[in-house]
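> First, the structure itself, so that you have it in front of you.
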Amino acid sequence: MIGTAWAILRKDLQIELRTKESVPAMALFSVTVFVLFHFGLQRNELEGDLAAGVLWVTLILATVLGVNRLFVAEREQGGIDGLLLAPIDRTSVFIAKASALFLYLVLLEIVAVPAFGILLLGPNLFTPLPTLVLLLVLADIGLASVGALVSALAVETRARDLIVPLLLLPLLVPVTIAGAEATEPLFSGSQAAHELGKWLGLLGLYDMVFLLVSIAVFDFLLED
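Mapping of the sequence shown onto numbering that gives the first Met the number 0: residues 0 to 223, in sequence order.
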């Protein structure tokens with residue numbers, strides 16, 4: 000199963016390196032949104048709940064772009080039928096797609112978080128950065144699990160670009176809330192350890208639940 004997942008993941012990464020359709024679009028979208036907030040709010044620095052909200056909502060919306068493109072190669076070239084006919088464990092397809100989306104999100108954040116710091120936080124990003132990285136990694140696991148599941152569900156629908164955000168965004172509300180609540184004190188200059196632990200625990204629980212649910216139902220969604 001791991002070998003099959005690695006083969007599919009390698010194929011997806013090679014396609015992304017050649018076409019550059021997902022990650023650049025996600026990064027450009029995020030940076031554009033930060034620029035719009037920079038000039039629209041007419042403020043050089045944000046802090047507290049406003050800064051946290053801008054960061055997490057932008058990253059969540061950028062995730063939708065990546066989820067929309069996750070199964071595009073298989074859909075356009077008939078690869079879905081090939082995967083269904085191949086004698087492989089369907090879970091390996093989920094692992095590969097979720098891993099690809101996770102890597103896309105990491106690459107997105109490597110670009111988006113520094114841009115956010117420069118445009119909207121000034122020099123205040125360095126202090127909360129270690130904790131912010133931990134929050135982003137936990138969030139990315141959940142985003143990748145749910146995103147791969149929703150993308151598989153919507154891949155054969157004609158209105159994929161509409162179905163994906165309608166299904167995905169409600170499922171990502173807990174990630175947005177936990178991420179914003181945990182990040183708000185970081186951008187305000189204070190963070191209680193028990194409060195941070197609570198939100199980290201919520202993100203970890205979300206990751207575990209949706210990862211297990213996604214693995215359990217992915218075979219049936221792909222078959223249908």
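Where is the CB? At the ideal position from N, CA and C, for every residue including glycine.
My assumption, with CB atoms under 8 Å, is that Phe-30 sits in contact with Ala-111. Please give the rounded CB distance.
Position 31 of the sequence shown, counted from the start, is the residue given in the question as residue 30. Position 112 of the sequence shown, counted from the start, is the residue given in the question as residue 111. What sits at residue 30 in the sequence shown is Val, not Phe. About 7 Å separates the two Cβ atoms, so the contact holds.
> Applying the 10 Å Cβ sphere with the 16-neighbour rule, what's the burial state of Met-207?
For this step, residue 207 is matched to residue 208 along the sequence shown. Met-207 is exposed by the Cβ-count criterion.
> Use the C-beta contact count for Val-34: other C-beta atoms within 10 angstroms, 16 or more gives buried, fewer gives exposed.
Residue mapping note: residue 34 aligns to position 35 of the sequence shown, counting from 1. Val-34 comes out exposed.
> Using three-state DSSP, classify Glu-20 as helix, strand or coil.
Here residue 20 corresponds to residue number 21 of the sequence shown, with the count starting at 1. If DSSP states are grouped into helix, strand and coil, Glu-20 belongs with coil.
> Where Val-226 and Ile-1 are concerned, what is the direct C-alpha to C-alpha distance, given to the nearest angstrom?
Within the shown structure, residues of the chain are numbered from 0 to 223, placing residue 226 beyond reach of any answer.
> Assuming Ser-98 and Leu-8 form a contact by the criterion Cβ under 8 Å, report the distance between their Cβ atoms to the nearest whole angstrom.
Looking up residue 98 in the sequence shown gives position 99. Looking up residue 8 in the sequence shown gives position 9. Approximately 5 Å separates the beta-carbon atoms of Ser-98 and Leu-8; this is inside 8 Å, confirming the contact.
> Would you call Ala-158 buried or exposed, if buried means 16 or more other Cβ atoms sit within 10 Å of its Cβ?
The residue labelled residue 158 in the question sits at position 159 within the sequence shown. The residue is exposed, with fewer than 16 neighbouring Cβ atoms inside 10 Å.
> Looking at C-alpha atoms only, which residue of Leu-69, Ala-215, His-37, Ala-26 is the closest neighbour of Lys-10?
Here residue 10 corresponds to residue number 11 of the sequence shown, with the count starting at 1. The candidate whose alpha carbon is nearest that of Lys-10 is Leu-69.
> Assuming Leu-45 contacts Val-56 (C-beta within less than 8 Å), just tell me the rounded distance between them.
Taking the first residue of the sequence shown as 1, we reach residue 45 at position 46. Taking the first residue of the sequence shown as 1, we reach residue 56 at position 57. Contact doesn't hold; Cβ gap of about 13 Å is too wide.
> In angstroms, rounded to a whole number, what distance separates the CA positions of Glu-197 and Leu-135?
As a position in the sequence shown, residue 197 is number 198, starting the count at 1. As a position in the sequence shown, residue 135 is number 136, starting the count at 1. In the sequence on display, residue 197 carries Lys and not Glu. Computed Cα separation, rounded: 15 Å.
> Can the beta-carbon of Ser-91 be found less than 8 Å from the beta-carbon of Ala-147?
Here residue 91 corresponds to residue number 92 of the sequence shown, with the count starting at 1. Here residue 147 corresponds to residue number 148 of the sequence shown, with the count starting at 1. No, the Cβ-Cβ distance between Ser-91 and Ala-147 is not below 8 Å.
> Measure the CB-CB distance between Val-149 and Val-22 and report whether it falls below 8 Å.
Residue mapping note: residue 149 aligns to position 150 of the sequence shown, counting from 1. Residue mapping note: residue 22 aligns to position 23 of the sequence shown, counting from 1. Not closer than 8 Å, so no.
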